[in-house]
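One structure below.
Residue numbers (the working numbering): 93 to 367.
Right under this line is the structure:
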């Protein structure tokens, strides 16, 4: 299992992805543009570590993940990952699939909301990274493909069978996972995979602007929203209502809740401080 980074993200020098921080927003860029930003064993592990570290770095309040050079991510590197996998035994293969799943677990457990800025190729594990984000801004040029069956595998990878139906619906998820076909950007927006579209020149800016707006919001409240969206998948409505009562009561104990009331009373916009 990947361990969390022991240093704050602001002090961490990423080796296998590009990590930049502006204010309270961290941006992860998959940065191998000459090969459409494929993932390696090392970048998988580093991504999991970065997302896990956000639980220990209260200065990071929103995140963006994107790719360099006009593409998001082409999935696992054919020569650095796929070829070695064909030579592994069952134990090694299970270690690998569990390790890749740790990235999604880390993304879902990270308190800050994560926004994917997606242009161009978004395939295989790249499509999973976009899926596992809390929101997705795409372009008309985006090409989303859960292409696992096209390489002789099942569509059940890194949580796809659990998460994708909740985003686009069961029938549409089944179509994508059984066929591995490409979902174009405009269709992806119609299906609800993308929250909205932007031009390639603006997609990252729009994702970072949205992240900045979220970072300016109530930190504890946003983290609680993300946590409850995750937890309530497995709850009945009655159980969910009770869980939300407890969650909201905890939010009401924060200073940000008091700040919002005082700002409303004074007819001004609240300034949240994250506590």
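Note that CB positions come from ideal geometry on N, CA and C, so glycine has one too.
All values reported here derive from a predicted model rather than from experimental measurement.
In this structure, the alpha-carbon of residue 349 lies about 14 Å from that of residue 358.
Judged by DSSP in its simplified three-state form, residue 346 adopts coil rather than helix or strand. Annotation for residue 214: no alpha helix (DSSP H) segment contains it, though the beta strand (DSSP E) segment containing it runs 213-215. Its chain contains 152, 153, 154, 155, 156, 300, 303, 304 and 307 as the residues whose beta carbon lies nearer than 8 Å to that of residue 117, once the 5 sequence neighbours on both sides are disregarded; these appear in chain order.
Under the 8 Å Cβ criterion, the region 246-265 does not count as touching the region 307-317, having fewer than three qualifying pairs.
Proximity to residue 198 across 332, 267, 139 and 261 peaks at 139, based on C-alpha coordinates.
DSSP places residue 180 outside both helix and strand once states are collapsed to three, so it counts as coil.
Closest in alpha carbon position to residue 260, among 234, 244 and 287, is 287.
Measuring C-alpha to C-alpha distances from residue 134 to each of 246, 353, 108 and 148 identifies 108 as the nearest.
No Cβ-Cβ contact shorter than 7 Å links residue 131 with residue 159. Between the region 230-238 and the region 200-219 there are three or more inter-stretch CB-CB distances shorter than 8 Å, so the stretches are counted as touching. When the beta-carbon positions are compared, residue 324 and residue 332 come within less than 7 Å of each other. A contact is defined here as three or more CB-CB pairs under 8 Å, and the region 173-185 fails this definition with respect to the region 335-352.
DSSP, read as helix, strand or coil, puts residue 363 in coil. Judged by DSSP in its simplified three-state form, residue 239 adopts coil rather than helix or strand.
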